[in-house]
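Q: Below are the structure tokens for one structure; questions will follow.
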Amino acid sequence: MTEARVRVDAVMGEIERDVRARLRQHLVKKGGAADYQDEEIFDAVHALLARAIDERNLDALLLPELVDGDVDWRLQTHLHLTTHRRGLAGRCILFVKKTLLLPMTRWLFEYSQDNFRRQDHLNRVLFACIEELALENTRLRRTIETAASASVGKPAR
Amino acid sequence: MKLACVVHRFGADIAGGSEGHCRLIAEHLAAQHDVTIVTTCARDHITWKNHYPPGESRIGLVPPKRGEREGGLRVLRFPVARERDLHRFMDLSDLVAADRATSYEQEEWFRENGPDAPELLEHLRRHGAGYDRVLFWAYRYADVYFGLPLVADRAILVPTAEEDPLIHVDALAPFFAQPKGFLFLTPEEETLVSSRGAAGKPSAVIGCGLDTAAAADLSRLDSLHLADPFVLYLGRIDPNKGCAALIRHFQRYAENGRDVQLVMAGPASMPIPEHPLIRPLGFVDDDVREALLTRARALIMPSPFESLSMVLLEAWNHGLPALVNARCKVLRGQVERADGGLYYGNTVEFIAALDYLLDHAETARQLGRQGLAYVDREYRWPIVIEKIEALLRAV
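Sequence order for the protein chains is A and B.
Each residue of the first sequence is one higher than the one before, counting from 1 in the working numbering.
Each residue of the second sequence is one higher than the one before, counting from 158 in the working numbering.
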């Protein structure tokens with residue numbers, strides 16, 4: 001190859017900068033957060049949220065574990081037919097549900113299932129964003145405390 | 158060596174995915190080894206309905222070996238005992254995706270995913286020791302999940318793993334610890350599977366081999382009356398392949414008034430909206446495929462999950478730059494290693510990156526040429542087969 005090599009990371013860096021600039025202008029024009037007029041602030045917020053969405057494993061988050069108390073908040077997208085009746089009556093009811101009612105209502109279940117899956121994903125993305133903010137906050141607090149304790153021992157000027 | 162290649166379905170008319178990969182590798186290994194394909198009678202990977210007759214047959218263009226009258230690969234087919242219960246499978250898949258499946262339900266998922274071929278498992282149990290090495294394709298299928306442990310002392314797994322929820326189920330850690338060796342398709346897949354219990358085993362990253370692309374007959378496109386320029390999606394048109402998102406991104410792109418057509422070539426399993434700039438072609442034959450890859454301005458790969466994109470390699474084989482979904486680590490990794498295209502993570506980036514490729518024609522062509530150079534470096538058959546031979550010797 002005689003032509004100069006094109007580096008994908010360099011081209012993507014240029015495109016991503018351009019995309020962020022356009023997005024910032026769009027949000028400012030539409031009345032988004034006033035702080036977005038400062039490019040540095042916008043870029044920092046963009047990077048933090050992008051990190052939460054793209055780099056976190058949405059199946060390994062702290063917040064869902066803590067929320068998981070008495071009430072099951074998770075969307076159940078799978079189908080699980082049950083009855084509180086035991087014995088033969090229970091088995092008959094389950095048979096009727098599975099063989100008669102389920103085929104008749106399955107279309108409705110499957111129609112709504114996509115929306116539930118979407119909502120479930122969005123919930124997990126929001127959990128990831130909150131967790132990323134909590135991490136950022138903790139890191140900042142530690143930095144401030146370290147700086148504060150270092151300055152205590154210094155003589156005043 | 159006497160080799161068995163175990164794959165869930167196999168046929169002259171089954172081209173894509175792990176089945177196609179198995180076939181290509183097996184055909185090339187057959188030049189040096191005694192290769193038997195061990196598979197099912199199914200053709201349809203959704204239902205696993207029996208289609209081919211059980212027993213031994215010969216398939217393909219492999220020339221006959223000395224002392225043999227017939228050419229082709231030796232294929233042993235076993236019947237599927239039970240078709241897939243799609244509703245049960247979907248319900249179990251939701252449990253797995255939500256990370257709420259018990260160990261029993263995880264095993265049930267593999268059973269329900271199928272194909273359920275007890276005679277195939279029995280063949281491995283009884284005759285597995287007669288093969289020097291047994292290669293398994295695609296860990297997610299029942300023939301592999303339940304078959305590999307029967308011949309673990311001589312098993313080599315081609316996992317074809319993707320970063321989907323299934324890879325995180327607990328049942329896979331002991332499973333991935335069993336094969337003697339691994340053949341991976343990309344470094345990303347190697348990292349993923351190694352983190353699930355395969356670390357430290359002999360392995361090789363092979364991808365797939367390609368021959369140099371022949372010159373395409375562009376007149377095959379005349380009757381299609383495609384717009385110029387057009388960008389290309391090639392493959393199954395399916396929401397799981399990211400096609401719904403691609404159509405959504407492209408519709409937003411077209412709103413900007415840019416006159417470029419999206420040509421989608423492949424069988425569709427989802428509705429494609431009527432749009433003046435979206436052109437579905439349905440299934441296309443190899444000649445049209447080659448012509449499309451030669452004439453397009455870029456290939457778009459929207460899939461969120463891939464273990465290797467063969468279409469991407471084919472595009473580079475034709476010097477075509479690519480625009481891929483950045484959320485798929487494998488696709489992004491391939492593009493970055495090759496310097497062969499751009500990537501996007503959302504609609505705004507899709508629009509900007511596609512604009513870039515169309516507005517910077519010379520840079521786009523250079524990205525395509527760099528993709529071709531990458532294929533020449535990594536994916537020509539002699540290079541790929543040498544890596545496999547080294548692993549066969551090492552295991």
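All residues carry an ideal CB built from backbone N, CA and C; glycine is no exception.
#1: Between the C-alpha atoms of B/His-284 and B/Asp-191, what's the straight-line distance to the nearest angstrom?
#2: Cα separation between B/Arg-415 and B/Pro-275?
#3: Mind checking if A/Ile-15 is an interface residue toward chain B, Cβ cutoff 7 angstroms exclusive?
#4: Let me know if B/Pro-272 comes out buried or exposed under the rule of 16 or more other beta-carbons within 10 Å of its beta-carbon.
#5: For a contact defined as C-beta to C-beta under 7 angstroms, what are the partners of B/Asp-256 on chain A?
#6: How do the stretch 371-388 of chain B and the stretch 447-456 of chain B stand: do at least 3 beta-carbon pairs fall below 8 angstroms, yes or no?
#7: Which residues bound the alpha helix (DSSP H) around B/Phe-407?
#8: If we cut at 7 angstroms on Cβ distances, does A/Val-96 have a partner in chain B?
#9: For B/Leu-349, which residues in the same chain have their Cβ closer than 7 angstroms to its Cβ, ignoring the five residues on either side in sequence?
#10: Using the beta-carbon of each residue, which ones in chain A are nearer than 8 angstroms to B/Glu-493?
#11: Does any residue of chain A bring its CB to less than 7 angstroms from the CB of B/Asp-170?
#12: Determine, using beta carbons only, whether B/Asp-496 comes closer than 7 angstroms to chain A.
#13: Looking only at its chain, what residues have a beta carbon closer than 8 angstroms to the beta carbon of B/Met-556, apart from the 5 residues adjacent to it on each side?
#14: Which residues in chain B have a C-beta closer than 7 angstroms to the C-beta of A/Arg-5? List them in chain order.
#15: Whole angstroms is fine: what's the gap from B/Asp-327's alpha carbon to B/Ser-260's?
#16: So is B/Asn-474 buried or exposed if we call it buried at 16+ other beta carbons inside 10 Å?
#17: What do you get for A/Met-1, buried or exposed, if any count of 16 or more other CB atoms within 10 angstroms of its CB means buried?
#18: Chain B beta carbons: is any one of them nearer than 7 angstroms to that of A/Asp-18?
#19: Please report the Cβ distance between B/Tyr-298 and B/Ala-161, rounded to the nearest whole angstrom; I am assuming they are in contact, meaning their Cβ atoms lie under 8 angstroms.
#20: Take every Cβ of the stretch 513-526 of chain B, pair it with every Cβ of the stretch 470-488 of chain B, and state whether three or more of those distances are shorter than 8 angstroms.
#21: Nearest-angstrom Cα distance between B/Gly-357 and A/Arg-20?
#22: Any C-beta of chain A within less than 8 angstroms: which residues of the stretch 504-523 of chain B qualify?
#23: Given a threshold of 16 other Cβ atoms within 10 Å of its Cβ, counted over all protein chains shown, does A/Arg-106 qualify as buried or as exposed?
#24: State the Cα-Cα distance for the pair B/Ile-203 and A/Gly-87, rounded to the nearest angstrom.
#25: Are the beta-carbon atoms of B/Phe-167 and B/Thr-193 separated by less than 7 angstroms?
#26: So which residues on chain A does B/Leu-292 lean against when the C-beta distance must stay under 7 angstroms?
#27: Do you know whose CA, among B/Asp-496, B/Ala-551, B/Val-253, B/Ala-509, lies nearest A/Ala-4's CA?
#28: Check whether the stretch 498-514 of chain B touches the stretch 537-549 of chain B, counting contact only when three or more Cβ pairs, one atom from each stretch, lie closer than 8 angstroms.
#29: With distances taken Cα to Cα, identify the nearest neighbour of B/Pro-316 among B/Ala-286, B/Ala-361, B/Arg-282.
#30: Run through the DSSP bridge pairs and tell me what B/Lys-159 is partnered with.
#31: Give me the Cα-Cα distance between B/Ile-494 and B/Ala-199, rounded to the nearest whole angstrom.
#32: Any idea which residues DSSP pairs A/Ser-112 with across the strands?
#33: In the DSSP assignment, find the alpha helix (DSSP H) that holds B/Met-467 and state where it starts and stops.
#34: Check each candidate in A/Asp-43, A/Val-8, A/Thr-146 and name the one with the smallest Cα separation from A/Leu-27.
#35: From the DSSP output, read off the bridge partner residues of B/Ser-214.
#36: Can you list, in chain order, the residues of the stretch 299-329 of chain B whose Cβ is nearer than 8 angstroms to any Cβ on chain A?
A: Quick look at the numbers:
#1: Counting from one through the second sequence, the residue named residue 284 of chain B turns up at place 127. Counting from one through the second sequence, the residue named residue 191 of chain B turns up at place 34. Spanning the two alpha carbons is a distance of roughly 15 angstroms.
#2: Position 258 of the second sequence, counting from 1, holds the residue named residue 415 of chain B. Position 118 of the second sequence, counting from 1, holds the residue named residue 275 of chain B. Answer to the nearest angstrom: the Cα atoms are 55 angstroms apart.
#3: The sequence position of residue 15 of chain A within the first sequence is 15, counting from 1. Interface residue, yes.
#4: What you label residue 272 of chain B is simply residue 115 of the second sequence in a count that begins at 1. Under this definition B/Pro-272 is a buried residue.
#5: In the second sequence, counting from the first residue as 1, residue 256 of chain B sits at position 99. What B/Asp-256 touches in chain A: Asp-59.
#6: yes
#7: Indexing the second sequence from 1 puts residue 407 of chain B at position 250. That run of the alpha helix (DSSP H) goes 400-412.
#8: Residue mapping note: residue 96 of chain A aligns to position 96 of the first sequence, counting from 1. So no, A/Val-96 is outside the interface.
#9: Within the second sequence, residue 349 of chain B is the residue found at index 192, counting from 1. For B/Leu-349, where only same-chain residues beyond five positions count, the Cβ hits under 7 angstroms are Ala-318, Glu-320, Ile-324.
#10: By one-based count along the second sequence, residue 493 of chain B stands at place 336. Result: Val-8, Asp-9.
#11: As a first step, residue 170 of chain B is located in the second sequence; it is residue number 13 there, counting from the start. For B/Asp-170, the answer is no, since every Cβ of chain A falls outside 7 angstroms of its Cβ.
#12: In the second sequence, the residue the question calls residue 496 of chain B occupies position 339. By this cut-off, B/Asp-496 is an interface position.
#13: Nothing can be reported for residue 556 of chain B: it is not among the residues displayed for chain B, which extend from 158 to 552.
#14: In the first sequence, the residue the question calls residue 5 of chain A occupies position 5. Those within 7 angstroms of A/Arg-5 in chain B are Asp-496, Gln-527.
#15: In the second sequence, counting from the first residue as 1, residue 327 of chain B sits at position 170. In the second sequence, counting from the first residue as 1, residue 260 of chain B sits at position 103. Taking the straight line joining both Cα atoms gives about 7 angstroms.
#16: Counting from 1 along the second sequence, the entry for residue 474 of chain B is found at position 317. Counting Cβ neighbours within 10 Å, B/Asn-474 comes out buried, since at least 16 surround it.
#17: Taking the first residue of the first sequence as position 1, residue 1 of chain A is located at position 1. Its pLDDT being 49, under 50, A/Met-1 is placed unreliably in this model, and the coordinates cannot settle the point.
#18: By 1-based counting over the first sequence, the position of residue 18 of chain A is 18. Closer than 7 angstroms to some Cβ of chain B, the Cβ of A/Asp-18 qualifies, so yes.
#19: Sequence index remark: in the second sequence, residue 298 of chain B carries index 141 (1-based). Sequence index remark: in the second sequence, residue 161 of chain B carries index 4 (1-based). Going by Cβ atoms, the distance from B/Tyr-298 to B/Ala-161 rounds to 15 angstroms, so no, they are not a contact pair.
#20: yes
#21: As a first step, residue 357 of chain B is located in the second sequence; it is residue number 200 there, counting from the start. As a first step, residue 20 of chain A is located in the first sequence; it is residue number 20 there, counting from the start. C-alpha separation (whole angstroms): 42 angstroms.
#22: Val-505, Glu-506, Ala-509, Ala-510, Tyr-513, Thr-520, Gln-523
#23: What you label residue 106 of chain A is simply residue 106 of the first sequence in a count that begins at 1. Exposed is the call here.
#24: As a first step, residue 203 of chain B must be located in the second sequence, where it is residue number 46. As a first step, residue 87 of chain A must be located in the first sequence, where it is residue number 87. If I take the Cα positions, the gap works out to 36 angstroms.
#25: The residue labelled residue 167 of chain B in the question sits at position 10 within the second sequence. The residue labelled residue 193 of chain B in the question sits at position 36 within the second sequence. For B/Phe-167 and B/Thr-193, no; Cβs fall outside 7 angstroms.
#26: Counting from one through the second sequence, the residue named residue 292 of chain B turns up at place 135. Neighbours of B/Leu-292 on chain A: none; closest Cβ ~31 angstroms, over 7 angstroms.
#27: Here the question's residue 4 of chain A lines up with position 4 in the first sequence. Ranking the options by Cα distance to A/Ala-4, first place goes to B/Asp-496.
#28: no
#29: In the second sequence, counting from the first residue as 1, residue 316 of chain B sits at position 159. It is B/Ala-361 whose Cα lies nearest to the Cα of B/Pro-316.
#30: Position 2 of the second sequence, counted from the first residue, corresponds to residue 159 of chain B. According to DSSP, B/Lys-159 bridges with B/Asp-191.
#31: For this step, residue 494 of chain B is matched to residue 337 along the second sequence. For this step, residue 199 of chain B is matched to residue 42 along the second sequence. Per the sequence shown, the amino acid found at residue 494 of chain B is Arg instead of Ile. Cα-Cα distance, rounded: 37 angstroms.
#32: Mapped onto the first sequence, residue 112 of chain A falls at position 112. Answer is none; A/Ser-112 lacks a bridge partner.
#33: In the second sequence, the residue the question calls residue 467 of chain B occupies position 310. Its alpha helix (DSSP H) spans residues 467-474.
#34: Here residue 27 of chain A corresponds to residue number 27 of the first sequence, with the count starting at 1. Among A/Asp-43, A/Val-8, A/Thr-146, the Cα nearest to that of A/Leu-27 belongs to A/Asp-43.
#35: On the second sequence, residue 214 of chain B is found 57 positions in, with the first residue counted as 1. Answer is B/Val-232, bridged to B/Ser-214.
#36: Pro-322, His-325
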